[in-house]
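Written below as C-alpha coordinates is the structure these notes are about.
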Amino acid sequence: MSGLEVYNVTLKQTMEKFGVSEQEWSDDVIHDLIKSWETASTWNDTAPGLRLLRKKFILYGDLLGTTIVSPNNRLHEFSLGLTNGSTIFTINTNRRTGMEFDGIINSDVVGAYKPNPKMYQTAMKALGAGEGEIAIVAAHAYDLEAAKKCGFKTIYIRRATEDMDIDDAAIAAKEFDLVINEGGL
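Each step along the sequence shown adds one to the number in this note's numbering, with nothing skipped, and position 35 is 1255.
Here it is in C-alpha coordinates:
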(Lines of atoms letter the chains of each structure in order from A and count residues from 1; the text may use other names and numbers.)
(Lines give C-alpha, C1' and ligand atoms only; values in the text may rest on other atoms or scores of the structure.)
Protein backbone atom coordinates (compact mmCIF):
# COMPACT_ATOMS: atom_id res chain seq x y z
CA MET A 1 0.00 0.00 0.00
CA SER A 2 1.43 3.40 -0.96
CA GLY A 3 1.52 6.42 1.33
CA LEU A 4 -1.38 8.01 -0.54
CA GLU A 5 -3.38 4.81 -0.13
CA VAL A 6 -2.71 4.93 3.62
CA TYR A 7 -3.93 8.54 3.74
CA ASN A 8 -7.00 7.53 1.72
CA VAL A 9 -7.87 4.75 4.18
CA THR A 10 -7.25 7.09 7.12
CA LEU A 11 -9.48 9.78 5.63
CA LYS A 12 -12.29 7.27 5.03
CA GLN A 13 -12.00 5.98 8.60
CA THR A 14 -12.13 9.56 9.90
CA MET A 15 -15.15 10.36 7.74
CA GLU A 16 -16.93 7.27 9.04
CA LYS A 17 -16.04 8.14 12.64
CA PHE A 18 -17.58 11.59 12.27
CA GLY A 19 -20.58 10.45 10.23
CA VAL A 20 -19.48 11.98 6.92
CA SER A 21 -20.72 10.01 3.93
CA GLU A 22 -18.43 9.59 0.92
CA GLN A 23 -21.32 10.89 -1.17
CA GLU A 24 -21.14 14.25 0.64
CA TRP A 25 -17.79 15.08 -0.97
CA SER A 26 -16.79 14.84 -4.60
CA ASP A 27 -13.87 12.68 -5.69
CA ASP A 28 -11.92 15.90 -6.32
CA VAL A 29 -12.45 17.08 -2.72
CA ILE A 30 -11.39 13.70 -1.34
CA HIS A 31 -8.34 13.67 -3.64
CA ASP A 32 -7.37 17.22 -2.52
CA LEU A 33 -7.72 16.25 1.15
CA ILE A 34 -5.49 13.22 0.65
CA LYS A 35 -2.89 15.24 -1.27
CA SER A 36 -2.92 17.88 1.49
CA TRP A 37 -0.70 15.53 3.51
CA GLU A 38 2.08 16.63 1.17
CA THR A 39 1.93 20.09 2.77
CA ALA A 40 1.72 18.86 6.37
CA SER A 41 3.72 20.83 8.88
CA THR A 42 5.16 19.90 12.24
CA TRP A 43 4.11 21.29 15.59
CA ASN A 44 6.02 24.45 16.45
CA ASP A 45 7.85 22.79 19.34
CA THR A 46 8.95 19.69 17.41
CA ALA A 47 12.05 20.76 15.47
CA PRO A 48 13.59 22.84 18.32
CA GLY A 49 12.79 20.05 20.79
CA LEU A 50 14.43 17.46 18.56
CA ARG A 51 17.56 19.60 18.20
CA LEU A 52 17.85 19.86 21.99
CA LEU A 53 17.24 16.16 22.56
CA ARG A 54 19.62 15.20 19.78
CA LYS A 55 22.52 16.69 21.76
CA LYS A 56 22.19 13.89 24.33
CA PHE A 57 20.01 11.14 22.92
CA ILE A 58 19.32 9.05 19.91
CA LEU A 59 16.15 10.21 18.20
CA TYR A 60 14.04 7.91 16.12
CA GLY A 61 10.83 9.33 14.82
CA ASP A 62 8.60 10.89 12.23
CA LEU A 63 7.79 14.50 11.57
CA LEU A 64 4.25 14.23 12.87
CA GLY A 65 4.70 12.62 16.20
CA THR A 66 6.90 9.62 16.94
CA THR A 67 10.39 9.98 18.33
CA ILE A 68 12.51 7.32 19.97
CA VAL A 69 15.09 8.43 22.53
CA SER A 70 17.99 6.48 24.01
CA PRO A 71 20.56 7.59 26.56
CA ASN A 72 22.75 4.72 25.36
CA ASN A 73 26.09 6.31 24.40
CA ARG A 74 26.76 3.78 21.65
CA LEU A 75 23.71 5.20 19.89
CA HIS A 76 24.59 8.84 20.61
CA GLU A 77 23.77 11.52 18.04
CA PHE A 78 22.00 9.32 15.55
CA SER A 79 18.43 9.90 14.50
CA LEU A 80 16.20 7.78 12.35
CA GLY A 81 12.64 8.46 11.17
CA LEU A 82 9.86 5.87 11.56
CA THR A 83 6.54 6.65 9.91
CA ASN A 84 3.39 5.23 8.37
CA GLY A 85 3.89 6.73 4.97
CA SER A 86 5.92 6.73 1.83
CA THR A 87 9.63 7.32 1.88
CA ILE A 88 9.53 10.09 -0.72
CA PHE A 89 6.77 11.90 1.21
CA THR A 90 8.83 11.77 4.40
CA ILE A 91 12.01 12.98 2.69
CA ASN A 92 10.19 15.89 1.06
CA THR A 93 8.37 16.87 4.26
CA ASN A 94 11.50 16.63 6.40
CA ARG A 95 13.38 18.88 3.99
CA ARG A 96 10.53 21.38 3.82
CA THR A 97 10.01 21.58 7.59
CA GLY A 98 13.64 21.48 8.72
CA MET A 99 13.33 18.15 10.51
CA GLU A 100 16.71 16.50 11.03
CA PHE A 101 16.95 12.73 10.92
CA ASP A 102 19.97 10.74 9.85
CA GLY A 103 17.79 8.11 8.23
CA ILE A 104 14.22 6.97 7.88
CA ILE A 105 12.30 3.73 7.99
CA ASN A 106 8.92 3.96 6.39
CA SER A 107 6.01 1.58 6.28
CA ASP A 108 6.31 1.26 2.50
CA VAL A 109 9.76 -0.30 3.00
CA VAL A 110 8.93 -2.41 6.07
CA GLY A 111 5.68 -3.72 4.58
CA ALA A 112 3.73 -2.99 7.78
CA TYR A 113 2.08 -0.02 9.48
CA LYS A 114 2.14 1.13 13.08
CA PRO A 115 0.87 -0.27 15.38
CA ASN A 116 2.06 -3.54 13.78
CA PRO A 117 4.91 -4.88 15.95
CA LYS A 118 7.05 -5.33 12.83
CA MET A 119 7.53 -1.55 12.65
CA TYR A 120 8.91 -1.30 16.19
CA GLN A 121 10.96 -4.50 15.89
CA THR A 122 12.52 -3.13 12.71
CA ALA A 123 13.45 0.06 14.57
CA MET A 124 15.07 -1.86 17.41
CA LYS A 125 16.98 -4.08 14.99
CA ALA A 126 18.16 -1.11 12.91
CA LEU A 127 19.53 0.55 16.05
CA GLY A 128 20.92 -2.60 17.61
CA ALA A 129 18.88 -1.73 20.69
CA GLY A 130 17.50 -4.11 23.26
CA GLU A 131 14.36 -4.06 25.35
CA GLY A 132 14.21 -1.03 27.64
CA GLU A 133 17.13 0.73 25.93
CA ILE A 134 14.99 3.14 23.96
CA ALA A 135 11.90 5.20 24.57
CA ILE A 136 9.29 6.25 22.06
CA VAL A 137 7.83 9.75 22.23
CA ALA A 138 4.48 10.20 20.52
CA ALA A 139 1.20 12.07 20.56
CA HIS A 140 -0.81 8.92 19.81
CA ALA A 141 -1.62 6.52 22.61
CA TYR A 142 -2.10 3.56 20.25
CA ASP A 143 1.46 4.05 18.97
CA LEU A 144 2.91 4.06 22.49
CA GLU A 145 0.86 1.07 23.62
CA ALA A 146 2.12 -1.00 20.69
CA ALA A 147 5.72 0.10 21.22
CA LYS A 148 5.49 -0.68 24.95
CA LYS A 149 4.51 -4.27 24.11
CA CYS A 150 7.71 -4.45 22.04
CA GLY A 151 9.91 -3.35 24.95
CA PHE A 152 10.06 0.41 24.48
CA LYS A 153 9.77 2.94 27.28
CA THR A 154 6.98 5.42 26.54
CA ILE A 155 6.69 9.20 26.62
CA TYR A 156 3.34 10.70 25.72
CA ILE A 157 3.00 14.26 24.40
CA ARG A 158 -0.49 15.58 25.17
CA ARG A 159 -1.54 17.69 22.18
CA ALA A 160 -4.85 19.50 21.76
CA THR A 161 -5.27 18.17 18.21
CA GLU A 162 -4.48 14.50 18.88
CA ASP A 163 -6.26 11.74 20.82
CA MET A 164 -9.16 14.12 21.40
CA ASP A 165 -11.42 11.23 22.37
CA ILE A 166 -9.13 10.17 25.24
CA ASP A 167 -9.41 12.09 28.51
CA ASP A 168 -6.59 12.72 30.99
CA ALA A 169 -7.74 9.95 33.34
CA ALA A 170 -7.60 7.41 30.52
CA ILE A 171 -4.12 8.59 29.56
CA ALA A 172 -2.99 8.24 33.20
CA ALA A 173 -4.43 4.71 33.32
CA LYS A 174 -2.27 3.68 30.36
CA GLU A 175 0.79 4.01 32.61
CA PHE A 176 3.15 5.67 30.17
CA ASP A 177 6.59 6.29 31.63
CA LEU A 178 6.21 10.04 31.21
CA VAL A 179 3.42 12.40 30.10
CA ILE A 180 4.41 15.83 28.79
CA ASN A 181 2.02 18.63 27.87
CA GLU A 182 2.34 20.33 24.51
CA GLY A 183 5.20 22.82 24.51
CA GLY A 184 7.47 21.01 26.97
CA LEU A 185 7.79 19.69 30.49
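Yeah, the Cβ is synthetic: ideal placement off N, Cα and C, and Gly gets one too.
| query | result |
| --- | --- |
| Are Ala1359 and Tyr1376 touching if we call contact CB-CB under 9 Å? | yes |
| Cutting at 6 Å between CB atoms, please list the residues of its own chain near Lys1431, excluding the five before and the five after it. | Any question about residue 1431 goes unanswered here, given that the chain covers just 1221 to 1405. |
| What residue range does the beta strand (DSSP E) around Tyr1376 cover? | Lys1373 to Arg1378 |
| Using 8 Å for Cβ pairs, my map puts Ile1400 next to Arg1378. What's the rounded Cβ distance? | 7 Å |
| Do Thr1374 and Asp1397 count as a contact pair if the criterion is CB distance below 9 Å? | yes |
| Under 8 Å by Cβ, that's how I've got Glu1258 and Phe1309 pegged, so tell me the actual separation to the nearest angstrom. | 7 Å |
| In whole angstroms, what separates the C-alpha of Ala1346 from that of Val1330? | 12 Å |
| Check Thr1303 in the structure and name its three-state DSSP category. | strand |
| Which residue wins for smallest C-alpha separation from Asp1395, given the options Glu1402, Phe1372, Gly1403 and Asp1385? | With the sequence shown as reference, residue 1395 is identified as Glu, and Asp is not the correct amino acid for it. Of the listed residues, the one whose Cα sits closest to Glu1395 is Phe1372. |
| Given a cut-off of 9 Å on the beta-carbon distance, is the pair Asn1312 and Ile1324 in contact? | no |
| Name the two residues that bound the continuous beta strand (DSSP E) containing Ala1392. | Element bounds for Ala1392: not the beta strand (DSSP E) but the alpha helix (DSSP H), Asp1388 to Ala1393. |
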